[in-house]
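Novice:
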DNA sequence: CTGAAAGCGCTTACAG
DNA sequence: CTGAAAGCGCTTACAG
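Protein chains in written order, with my numbering: chain R, 51 to 394; chain X, 51 to 394.
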């Protein structure tokens, strides 16, 4: 089958004995066009089954009606849900979404970002890889006049639009919940501190302990325990301490919480009686483990929608000098069996 | 910050005192170009930090170096993994991926497909929504000269490139495994039969029973049990039969298997002793439930890579008349506790 | 191997 | 409100 010959604005113009200029104006709903001709053009366009050639329009306008998204991993709860939310909104606006994954590598992240710049995307939405320290590729985005929106894992020092979670507050609530349940030696599995989200979670942990006058024991703070394996490893160390913790807050992810749970099972340590466990992210599996895992929900689909809406709002606001807006969303503690000692 | 003025082929041409035509040819590695000038052009391009304007190139060539993907849901194991695999390969080839989700609605699917056609994508990769019966929107894709690749949930009657799983074989193996474990009254939770994948899984079930001379009892075949809730509902009915099943093959998904497990827990029926459970798709959680769930892995990342590679191979083959190639992948049975009666 | 020219299909500043 | 014209930046068939 051969591609159909496409109908252009010239075909419409010819049929109506006007110029392509007028047709274009009518189709774009420009104000400088007669109501009559506009109607006529729209009618004829429909009759001829005209479809605007987006490639031509893009070239002329210098924009692509496309938004690029760069995330560490597509198949991870928070990111696939953010993408789902983004897709929902951008689709309504007839925008396209180009999705890239950095696989937690800066090199790949840079490659993705540059590809999107080459593609003339109108906006780049990014959550940084764990490796990312130098952010000159992000500055480069801005210098090309492309809107940059950071979310979740953001570089605070870079003034852009941001949609973040209030990690500190959420962490604090999680740790306070543990304290309320009678846990006193609460360990922290923390993530790479070059990412602000992990710093904030650490701060929330510290603040909660301070507030309740619990001494901070650096022995209980395990660095870089942000995968299932690393979480398990850290847990083994913690539980073999002379004075082991009675609860572990896996602030990095539910995956590390899962590592904690595995080790507890292996060592025949009962959860939540002997050990409380709290994760982060409300991955689907946290509901299904035995016991189910207390965690923090980040409403990631809603986050995706928020990001997209922010872009379209800002795109409208061309008049004034805009300042980098930051939207902070409030995560919610989901209390499950792994920390419910009192209720049992 | 203002966008930088972009360097064009004219800038390079001017600097070298040749025409843009030659520059273009050099950059595109055309054979009709002097080696010397080619080198010179590439050197100058690098010096000036030239970047091809993809929008212009796209318009001129009538293609977009973009592939559209339409899946029912992005945040579902198989699809997010297929996308991850696609992204991996297309990224290497400097192609873009535009991702849409149909949300299991034909209306949305049609909207997505049409948007991708309007976008002049080079290829559309699709896994149909459960509602899709009429496929004229897919024929429309082909009539626009756009390559169409179907995967997983395919319309068999439509002759296109396809990458599928051997669902029948996998189902048969799953049911045979149940039989080997001593289960004799094996129920089937089946999906909407307008989707071929669910028909094939049903066939695999039937073939396994026939092979082992087990009478087929239609009472044990539950239609349309393809979500957690519907799976649970069907299970309640099955377990209240005068002669209830001793195993349930949730051929639709692990989510329905989860529904089965929930009901079994509620009714204090022990798994796998009193009831064997097998799911489909190897969702992450199947490893984490208690007991862990036997299921079928579809190697979805690999499937994504396979699809992308198929596209690029076919794109090269312009010479001969191509026939619609179908690649069938072999899923693998993952045996876990929920069906291991003998081992216990 | 290279140049001159046309054209992809649109949008918009400039006149009138 | 409408037309004529230029231009977005490339690619390629046609000559030479």
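C-beta atoms are modelled at their ideal positions from N, C-alpha and C, and glycine is treated no differently.
Hey, is residue 62(R)'s beta-carbon within less than 8 Å of any beta-carbon in chain X?
Specialist: Walking along the first chain from the start, residue 62(R) turns up at place 12. It does not: the Cβ of residue 62(R) has no partner Cβ on chain X nearer than 8 Å.
Novice: Drop a sphere of 10 angstroms on the beta-carbon of residue 292(R), count the other beta-carbons inside from all chains shown, and report buried for 16 or more, exposed for fewer.
Specialist: For this step, residue 292(R) is matched to residue 242 along the first chain. Per the 10 Å Cβ criterion, exposed.
Novice: Report yes if the C-beta distance between residue 72(X) and residue 87(X) is below 8 Å; otherwise report no.
Specialist: Position 22 of the second chain, counted from the start, is the residue given in the question as residue 72(X). Position 37 of the second chain, counted from the start, is the residue given in the question as residue 87(X). Yes.
Novice: Quick one, which residues of the segment 94-110 of chain R are near chain X if we go by CB-CB under 8 Å, in chain order?
Specialist: 101, 102, 103, 104, 105, 106, 108, 109
Novice: Could you check where the beta strand (DSSP E) with residue 349(R) kicks off and where it finishes?
Specialist: On the first chain, residue 349(R) is found 299 positions in, with the first residue counted as 1. Premise fails: residue 349(R) is in no beta strand (DSSP E) and is neither H nor E.
Novice: When you check each C-beta in the segment 275-302 of chain R against every C-beta of chain X, which residues fall closer than 7 Å?
Specialist: Here the close residues number zero.
Novice: Does the structure place the segment 143-154 of chain X close enough to the segment 133-143 of chain R that three or more beta carbon pairs sit under 8 Å?
Specialist: Using a C-beta cut-off of 8 Å, the segment 133-143 of chain R makes contact with the segment 143-154 of chain X, since at least three inter-stretch Cβ pairs fall below that distance.
Novice: Note down the Cα distance separating residue 246(X) from residue 379(X), rounded to an integer number of angstroms.
Specialist: Residue numbering aside, residue 246(X) sits at position 196 when the second chain is read from its first letter. Residue numbering aside, residue 379(X) sits at position 329 when the second chain is read from its first letter. Cα to Cα, the separation comes out at about 15 Å.
Novice: Suppose contacts are defined by Cβ-Cβ distances below 8 Å. Is residue 360(R) in contact with residue 199(R) by that definition?
Specialist: Taking the first chain and counting its residues from 1, the one referred to as residue 360(R) is at position 310. Taking the first chain and counting its residues from 1, the one referred to as residue 199(R) is at position 149. Against a cut-off of 8 Å, the Cβ pair of residue 199(R) and residue 360(R) comes out as a contact.
Novice: Nearest chain R C-beta to residue 137(X) closer than 8 Å, yes or no?
Specialist: Along the second chain, one-based indexing puts residue 137(X) at 87. Cβ-Cβ to chain R under 8 Å: yes for residue 137(X).
Novice: Can you pull the chain X residues whose beta carbon is under 7 Å from the beta carbon of residue 339(R), in chain order?
Specialist: One-based indexing of the first chain puts residue 339(R) at position 289. Within 7 Å Cβ-Cβ: 338.
Novice: Count the other CB atoms within 10 Å of the CB of residue 210(X); is the residue buried (16 or more) or exposed (fewer)?
Specialist: In the second chain, counting from the first residue as 1, residue 210(X) sits at position 160. By the neighbour-count rule (16 or more Cβ atoms within 10 Å), residue 210(X) is buried.
Novice: Using the C-alpha atoms, what's the distance from residue 56(X) back to residue 193(R)?
Specialist: Counted from its first residue, the first chain places residue 193(R) at position 143. Counted from its first residue, the second chain places residue 56(X) at position 6. Taking the straight line joining both Cα atoms gives about 12 Å.
Novice: With DSSP as the reference, please indicate the residues paired to residue 298(X) in a beta bridge.
Specialist: Here residue 298(X) corresponds to residue number 248 of the second chain, with the count starting at 1. For residue 298(X), which the question treats as bridged, DSSP gives the partners 237(X), 327(X).
Novice: Does residue 149(X) come within less than 8 Å of chain R when only Cβ atoms are used?
Specialist: Translated into the one-based positions of the second chain, residue 149(X) becomes position 99. So yes, residue 149(X) belongs to the interface.
Novice: Taking 8 Å as the CB-CB cut-off, is residue 358(R) touching chain X?
Specialist: If you number the first chain from 1, residue 358(R) lands on position 308. Not an interface residue.
Novice: With 8 Å as the C-beta to C-beta threshold (strictly closer), list the residues of the segment 194-218 of chain X near chain R in chain order.
Specialist: 194, 195
Novice: Can you give me the C-alpha to C-alpha distance between residue 338(R) and residue 236(R), rounded to a whole angstrom?
Specialist: Start at 1 with the first residue of the first chain, and residue 338(R) comes out as number 288. Start at 1 with the first residue of the first chain, and residue 236(R) comes out as number 186. For residue 338(R) and residue 236(R), the distance between alpha carbons rounds to 24 Å.
Novice: Would you list the residues sitting across from residue 378(X) in a DSSP beta bridge?
Specialist: Here residue 378(X) refers to the residue found at position 328 when the second chain is read from its first residue. Bridge partners of residue 378(X): 214(X).
Novice: Taking Cβ-Cβ distances shorter than 9 Å, what residues in chain R pair up with residue 170(X)?
Specialist: For the purposes of this step, residue 170(X) is taken as the residue at position 120 of the second chain. Those within 9 Å of residue 170(X) in chain R are 103, 104, 105.
Novice: If you reduce the DSSP assignment to three classes, tell me which class residue 247(R) lands in.
Specialist: Position 197 of the first chain holds residue 247(R). Residue state, collapsed to three classes: helix.
Novice: Would you list the one or two residues that DSSP bridges to residue 272(X)?
Specialist: By one-based count along the second chain, residue 272(X) stands at place 222. Note: residue 272(X) sits in a beta bridge opposite 239(X).
Novice: In angstroms with no decimal places, state the Cα-to-Cα distance between residue 221(X) and residue 333(R).
Specialist: For this step, residue 221(X) is matched to residue 171 along the second chain. For this step, residue 333(R) is matched to residue 283 along the first chain. Taking the straight line joining both Cα atoms gives about 29 Å.
Novice: Leaving out five residues on either side along the sequence, give the residues of the same chain with a beta carbon under 6 Å from the beta carbon of residue 173(R).
Specialist: Taking the first residue of the first chain as 1, we reach residue 173(R) at position 123. Here the set comprises 117, 197, 361.
Novice: Mind pulling the chain X residues with CB within less than 8 Å of residue 114(R)?
Specialist: For the purposes of this step, residue 114(R) is taken as residue 64 along the first chain, with counting starting at 1. Those are 105, listed as they occur along chain X.
Novice: Specify, as a first and last residue, the run of the beta strand (DSSP E) that residue 151(R) falls within.
Specialist: In the first chain, residue 151(R) corresponds to position 101, counting from 1. Element bounds for residue 151(R): 146-151.
Novice: Assuming residue 298(R) and residue 325(R) are in contact, meaning their beta carbons sit under 8 Å apart, how far apart are those beta carbons, in whole angstroms?
Specialist: As a working mapping, residue 298(R) is identified with position 248 in the first chain. As a working mapping, residue 325(R) is identified with position 275 in the first chain. At roughly 7 Å, the Cβ-Cβ gap stays under 8 Å, so residue 298(R) and residue 325(R) are in contact.
Novice: What first and last residue would you give for the beta strand (DSSP E) that runs through residue 200(X)?
Specialist: Stepping through the second chain from its first residue, residue 200(X) is reached at position 150. Its beta strand (DSSP E) spans residues 197-201.
Novice: Could you check what DSSP says for residue 128(R) in three-state terms: helix, strand or coil?
Specialist: Residue numbering aside, residue 128(R) sits at position 78 when the first chain is read from its first letter. Note: residue 128(R) maps to helix in three-state DSSP.
Novice: For residue 304(X), count neighbouring C-beta atoms within 10 Å of its own C-beta (all shown protein chains included) and say buried if the count is 16 or more, exposed if not.
Specialist: Against the second chain, residue 304(X) aligns to sequence position 254. Result: buried.
Novice: Buried or exposed: residue 296(X), going by 16 or more other Cβ atoms within 10 Å of its Cβ?
Specialist: On the second chain, residue 296(X) is found 246 positions in, with the first residue counted as 1. Counting Cβ neighbours within 10 Å, residue 296(X) comes out buried, since at least 16 surround it.
Novice: For a contact defined as C-beta to C-beta under 7 Å, what are the partners of residue 130(X) on chain R?
Specialist: Here the question's residue 130(X) lines up with position 80 in the second chain. Result: 124, 125, 130.
Novice: Would you kindly check if the distance between the Cβ of residue 213(X) and the Cβ of residue 201(X) is under 8 Å?
Specialist: Along the second chain, read from residue 1 onward, the residue named residue 201(X) stands at position 151. Along the second chain, read from residue 1 onward, the residue named residue 213(X) stands at position 163. It is a contact, given that the beta carbons lie within the stated cut-off.
Novice: How is residue 112(X) classed by DSSP in three states: helix, strand or coil?
Specialist: By 1-based counting over the second chain, the position of residue 112(X) is 62. The answer is coil: DSSP assigns residue 112(X) none of H, G, I, E or B.
Novice: Please report the straight-line C-alpha distance between residue 376(R) and residue 311(R), rounded to a whole angstrom.
Specialist: For the purposes of this step, residue 376(R) is taken as the residue at position 326 of the first chain. For the purposes of this step, residue 311(R) is taken as the residue at position 261 of the first chain. If you take the alpha carbons of residue 376(R) and residue 311(R), they lie about 36 Å apart.
Novice: Between residue 181(X) and the rest of its own chain, which residues show a CB-CB distance below 7 Å, the 5 nearest in sequence each way excluded?
Specialist: The residue labelled residue 181(X) in the question sits at position 131 within the second chain. Excluding positions up to five away in sequence, the list reads 154, 155, 156.
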